[in-house]
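The next block holds one structure in the form of structure tokens; read it before the comments.
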Amino acid sequence: MFIALERILSVWRPHIYHSSGLNYGFLLIATVISYSLGFWAGYVFYIRSLLTHGMIIYNVIDITTLTINAVGIRFCERRYKRLYAKTTLNARYQVHAFNCAFSSVYLMKKHKSLRRAVKKLLRRKRKRKEKVSYISYNKEEESVTHFNMLDMSWK
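All residue numbers for the sequence shown refer to our numbering, where the first residue is -2 and numbers rise by one.
If you want it as structure tokens, here you go:
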């Protein structure tokens, strides 16, 4: 419940929330309240055997948490749509992926010294022709070495 409230608070005024120490203060207070309520509930409901009251209070807390989460989701969605474009998440992701993939290509094409370095690197790779050869291992010798090392590590 407190995490949902904290998320709503962070979305409501993000420039103030993240630059000030408000986020740490709120989370600290919410944590102290949560642990205090948990301790109190454990004492009252289990030690004093007020299980019916405990069941009612826990259900009220759960319903309140669900309500706060639903309100928080709607609030965050409206706030996001107001701040950013009203496109789908998939479309925003595709634009982000496109920017990530092609920003380096754009830099290599437009920046003079980067373009020179890339051309130099590509020319060097074209000239180099390496022969790939198969490396064979003696499997018996490798197995003996493996188990000897394993035996030494167990000692």
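All C-beta atoms, glycine included, are put in the ideal place defined by N, C-alpha and C.
Computed from a predicted structure; not experimentally measured.
Residue i vs residue j beta-carbon contact at 7 Å
i: G51; j: F42; result: yes
i: A27; j: F72; result: no
i: L119; j: L111; result: no
Exposed unless 16 or more other CB atoms sit within 10 angstroms - verdict on residue i
i: A1; result: buried
Alpha helix (DSSP H) segment containing residue i, residue limits
i: N145; result: K136 to W151
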